[in-house]
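Asker: Quick one: the structure is below, questions incoming.
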Amino acid sequence: MEREQVAALLAQGSGYLSGEEMSRALGVTRAAVWKEIEALRQAGWPIESSTRKGYRLTGPPPALSAPYISARLSKDNLFAGKVRVEPIVDSTNTRLKAVAASAATGSALLAEEQSGGRGTHGRSFQSPKGDGLYLSVLIRPHVGLSDLLTLTGWVAVAAREGVEKACGAPVDIKWLNDLYLNGKKLCGILTEFALLAESGEPDYVVIGMGVNMNQTAATFHDQGLEGVATSLALEGYPVEQNHLAVCLLEALDQLNQDFPSKRADYLERYRAHCITLGRRVSFDGEGTLQTGTVTGVGDDFALLVGGDDGKAHTVSSGTVKMI
8 MEREQVAALL AQGSGYLSGE EMSRALGVTR AAVWKEIEAL RQAGWPIESS
58 TRKGYRLTGP PPALSAPYIS ARLSKDNLFA GKVRVEPIVD STNTRLKAVA
108 ASAATGSALL AEEQSGGRGT HGRSFQSPKG DGLYLSVLIR PHVGLSDLLT
158 LTGWVAVAAR EGVEKACGAP VDIKWLNDLY LNGKKLCGIL TEFALLAESG
208 EPDYVVIGMG VNMNQTAATF HDQGLEGVAT SLALEGYPVE QNHLAVCLLE
258 ALDQLNQDFP SKRADYLERY RAHCITLGRR VSFDGEGTLQ TGTVTGVGDD
308 FALLVGGDDG KAHTVSSGTV KMI
């Protein structure tokens, strides 16, 4: 625990912190502080020391770090102090759902790797170590079911803006909740919720996302995703993983504050970046595969399609493919 506390103090500081200041803040000896700093250095943390000034971080840690991420969030951020990092999990969404009954609102789980990453419609999501950022958060919005069913659209807006803030990438949204960059998939989002049996009101929501960060063209070729998926590094927008995590958690915290009262604002931002608008698509309609042209996004984030059958269709779920 002392090591995480020392890491957090270093991450919070904008300059040097003396060993005396840290020992006083933590209630331990200066020798104990020095021991933990040396352990952090051995783990690759870039810590600079000065005889007269103390210690300071000169850059981010070499791997995802819960204390570092929490320290970089504002103190009133919903997720500050509730971030956990695991080296490998089956799925960050699955893991958070398993502990949802006892987990604090604002719990955030990140993993270096997922062995059973999940996407929408039961699809698997490849999550190798070092290639992506895999993150899930747990919130408990006090809203009705009709509002809750629009949340995935809101998350797409927040995730898009979080990625753009982190590295400047001009990310688009493909209906309903995929992020695209230069016409290829960059990020998948999975929103899952549970209802209280007695009242039918929402109990909790788990929001998960996987952002492609470091994959190469060869990686996607080997996965059979060449020309379909891309990464931030591949498109010229490399980003440090802890910084990306902070930006996403800031955007999700803002979403939690805004939901559901600022729907019109999020809808405007969604529509401004939705690449499905105006496109020819195939979609599931009335039990059969149909085609048409997208005419808009409704106030509930449903896709409005002018069908080739001459009818106006409202698509709220299912698979929509641009053709």
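Taking our numbering, the leading residue of the sequence shown gets 8, the next gets one more, and so forth.
All residues carry an ideal CB built from backbone N, CA and C; glycine is no exception.
Is DSSP giving Thr230 helix, strand or coil here?
Answerer: Reading the sequence as shown, one finds Gln at residue 230 and not Thr. Here Gln230 sits in coil by DSSP.
Asker: On the DSSP bridge assignment, give the partners of Ile214 in chain order.
Answerer: In DSSP, Ile214 forms a bridge with Val144 and Thr198.
Asker: Between the region 289 to 303 and the region 198 to 210, do three or more beta carbon pairs fall short of 8 Å?
Answerer: no
Asker: Would you kindly report the start and end of the unbroken beta strand (DSSP E) that includes Gln1?
Answerer: This structure does not reach residue 1, given that the chain is present from 8 up to 330, and the question cannot be answered.
Asker: Just to confirm the assignment, what range does the alpha helix (DSSP H) spanning Ser77 have?
Answerer: Ala73 to Arg79
Asker: Is it buried or exposed for Ala108, if we count other Cβ within 10 angstroms and need 16 for buried?
Answerer: exposed
Asker: Between the Cα of Ala176 and the Cα atoms of Leu202, Asn219, Ser56 and Lys269, which residue gives the shortest distance?
Answerer: Asn219
Asker: Can you say whether Leu117 is buried or exposed, counting buried as having 16 or more other CB atoms within 10 angstroms of its CB?
Answerer: Here Leu117 is buried: its Cβ has 16 or more other Cβ atoms, across all protein chains shown, within 10 Å.
Asker: Taking 9 Å as the threshold (C-beta atoms), are Phe290 and Arg253 in contact?
Answerer: Position check: residue 253 holds Val in this sequence, whereas Arg was assumed. No.
Asker: Decide if Ile330 is buried, meaning its Cβ has at least 16 other Cβ atoms within 10 Å, or exposed.
Answerer: Burial call: exposed.
Asker: Beta-carbon separation of Leu156 and Val327 under 9 Å?
Answerer: no
Asker: Is Leu284 helix, strand or coil when you go by DSSP?
Answerer: coil
Asker: Below 8 Å on the Cβ atoms is my guess for Gly34 versus Arg63; work out the distance and round it to an integer in Å.
Answerer: For Gly34 against Arg63, the beta-carbon gap comes to about 22 Å, at or over 8 Å, which does not count as contact.
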